[in-house]
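In the working numbering, the protein residues as written are 140 to 474.
No residue lacks a Cβ here, since even glycine has one placed at the ideal position from N, Cα and C.
Right, one structure below, let's go through it.
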Amino acid sequence: MTDTLQDIRTDFETRLETLDREEDLRQVKADFIGKKGRVTLMMKELKSLTPEEKRQAGPALNQLKNHIESALQEKAHELKSRASKNRAGAFDLTLPGRKSTTGHLHPVTQVMEELIGIFSGMGFNVEEGPQIESDYYNFEALNIPKDHPARDMQDTFYIGDKVLRTHTSPVQIHVMERQPPPLRIIAPGKVYRCDSDVSHTPMFHQIEGLMVDHNVKFSDLKGVIETFLKEVFGANVKVRFRPSFFPFTCPSAEVDIQCVMCTGSGCRTCGQTGWLEILGAGMVDPAVFGFVDYDPEEWSGFAFGLGIERIAMLKFGINDIRLYFENDIRFLHQF
Ligand code: PHE
Numbered sequence: 140m141t142d143t144l145q146d147i148r149t150d151f152e153t154r155l156e157t158l159d160r161e162e163d164l165r166q167v168k169a170d171f172i173g174k175k176g177r178v179t180l181m182m183k184e185l186k187s188l189t190p191e192e193k194r195q196a197g198p199a200l201n202q203l204k205n206h207i208e209s210a211l212q213e214k215a216h217e218l219k220s221r222a223s224k225n226r227a228g229a230f231d232l233t234l235p236g237r238k239s240t241t242g243h244l245h246p247v248t249q250v251m252e253e254l255i256g257i258f259s260g261m262g263f264n265v266e267e268g269p270q271i272e273s274d275y276y277n278f279e280a281l282n283i284p285k286d287h288p289a290r291d292m293q294d295t296f297y298i299g300d301k302v303l304r305t306h307t308s309p310v311q312i313h314v315m316e317r318q319p320p321p322l323r324i325i326a327p328g329k330v331y332r333c334d335s336d337v338s339h340t341p342m343f344h345q346i347e348g349l350m351v352d353h354n355v356k357f358s359d360l361k362g363v364i365e366t367f368l369k370e371v372f373g374a375n376v377k378v379r380f381r382p383s384f385f386p387f388t389c390p391s392a393e394v395d396i397q398c399v400m401c402t403g404s405g406c407r408t409c410g411q412t413g414w415l416e417i418l419g420a421g422m423v424d425p426a427v428f429g430f431v432d433y434d435p436e437e438w439s440g441f442a443f444g445l446g447i448e449r450i451a452m453l454k455f456g457i458n459d460i461r462l463y464f465e466n467d468i469r470f471l472h473q474f
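This is how it looks when you write it as structure tokens:
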């Protein structure tokens with residue numbers, strides 16, 4: 140029996156020596172201490188020996204089994220650390236790197252920042268107001284009383300007794316309430332209307348402008364608007380002011396530019412008119428000054444409001460406003 144134990148030990152050492160794959164390790168383990176392994180079988184044979192023989196062979200067999208177990212464990216460790224070293228060595232510096240894709244500002248944000256930059260250059264400060272407004276700021280203080288038909292043009296979303304603002308004009312009121320004239324501000328931001336088609340989304344962006352000072356005249360409004368539109372659409376852009384109506388300005392105007400698609404000859408974008416409506420504007424109605432305690436005898440001002448998506452569509456040649464808000468990366472990546 141001692142002989143055989145010695146044989147097993149030698150065989151085991153030889154196999155362990157030459158082994159260098161994990162699956163070989165498993166095989167060696169099975170062959171020696173697995174269910175039908177040589178050591179296991181000998182342990183079973185012990186039962187048929189005399190007590191005297193058992194006392195001799197037992198401890199030797201146990202010792203062999205322990206030896207095999209710990210030798211296998213050590214080998215397993217060795218294989219594992221060798222494998223991870225190999226993996227590190229397999230790192231190939233010459234492979235091209237994996238590029239992480241960087242995003243960029245949304246096209247509407249890009250245009251908004253450009254427009255803000257132009258007005259900042261003319262001395263307008265940026266102000267903000269809440270998107271959830273009271274009826275007072277969105278309508279009443281802008282000289283749009285309850286039941287006035289002008290409210291129909293701007294049907295909106297109601298949250299209890301609040302509204303999602305339909306335009307950025309309420310910021311005019313907030314600013315005039317908290318600061319005395321003179322002032323020159325713009326207010327960019329989101330606005331909401333119950334509208335949805337190729338040229339309307341329920342949420343869109345506007346920039347409001349307001350200037351109040353001594354002696355502000357309609358010609359000042361014209362100068363600011365024309366300068367602005369030339370910056371955006373180029374020095375050759377043709378601008379026209381059309382009489383219009385807003386309850387909070389008087390006189391009021393709508394401002395058009397000559398169609399950038401057909402340069403005035405008439406096309407689908409401009410509805411064959413040759414002109415594109417760009418913004419609403421006018422001289423601040425004295426009634427509005429009344430709501431904020433500005434003296435209309437001493438101060439005068441102009442205001443304007445423009446849609447950012449509209450301008451971005453013309454700049455980028457986009458014919459469906461809804462594309463901006465579908466979050467299709469293939470579309471957004473192009474700007
Ligand atoms: N608030 C108006 C609108 O959204 C635009 C406007 C602003 C008109 C300021 C005149 C003066 O239609």
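Around the C-beta of residue 329, fewer than 16 other C-beta atoms lie within 10 Å, and the residue is accordingly described as exposed.
Three or more Cβ pairs closer than 8 angstroms define a contact, and the region 289 to 301 meets that threshold against the region 264 to 280. Under DSSP, the beta-bridge partners assigned to residue 440 are 351.
In terms of Cβ geometry, residue 471 and residue 417 do not form a close pair [threshold 8 angstroms]. DSSP places residue 397 inside the beta strand (DSSP E), whose first and last residues are 388 to 397. Residue burial is scored here from C-beta neighbours: residue 465 has fewer than 16 other C-beta atoms within 10 angstroms and is therefore classed as exposed. By the criterion of a C-beta distance shorter than 6 angstroms, residue 427 is surrounded in its chain by 282, 387, once the five residues flanking it on both sides are discounted.
Rounded to whole angstroms, the gap between the alpha carbons of residue 439 and residue 321 is 9 angstroms. Apart from the 5 residues on each side of it in sequence, residue 313 sits with its Cβ closer than 6 angstroms to the Cβ of 268 in its chain, given in chain order. By the criterion of at least three beta-carbon pairs nearer than 8 angstroms, the region 284 to 291 is not in contact with the region 340 to 352.
Along the region 201 to 249, the beta strand (DSSP E) does not occur as any fully enclosed run of 3 or more residues. Separation of residue 198 and residue 192 (C-alpha to C-alpha, rounded to the nearest whole angstrom) is 11 angstroms. DSSP places residue 280 outside any beta strand (DSSP E), giving it a letter other than H or E. Under the 10 Å beta carbon count, residue 444 is surrounded by 16 or more other beta carbons and is classified as buried. Shortest Cα-Cα distance from residue 181 to any of 222, 146, 153, 211 involves 146. Here residue 363 carries a helix assignment [DSSP, helix/strand/coil].
With respect to residue 219, residue 178 sits apart: the two C-beta atoms are not nearer than 8 angstroms. Assigned with DSSP and collapsed to three states, residue 266 falls in coil, not helix or strand. Separation of residue 347 and residue 340 (C-alpha to C-alpha, rounded to the nearest whole angstrom) is 19 angstroms. Residue 407 sits away from residue 395, with the two beta carbons spaced by 8 angstroms or more. Residues of the same chain with a CB within less than 7 angstroms of the CB of residue 405, apart from the 5 flanking positions on each side, are 411, 412, 413 in chain order. Per DSSP, the beta-bridge partners of residue 302 are 272, 297.
Nearest to residue 215 by C-alpha distance, out of 237, 244, 165, is 165. Taking all protein chains in view, the Cβ of residue 229 is surrounded by fewer than 16 other Cβ atoms within 10 Å, so the residue is classified as exposed. Each residue's CA atom was taken as its position, placing residue 236 and residue 226 some 18 angstroms apart. Look at residue 384 here: in three-state DSSP terms it is strand. Here residue 370 is actually not in contact with residue 247; their C-beta atoms are around 18 angstroms apart, not less than 8 angstroms.
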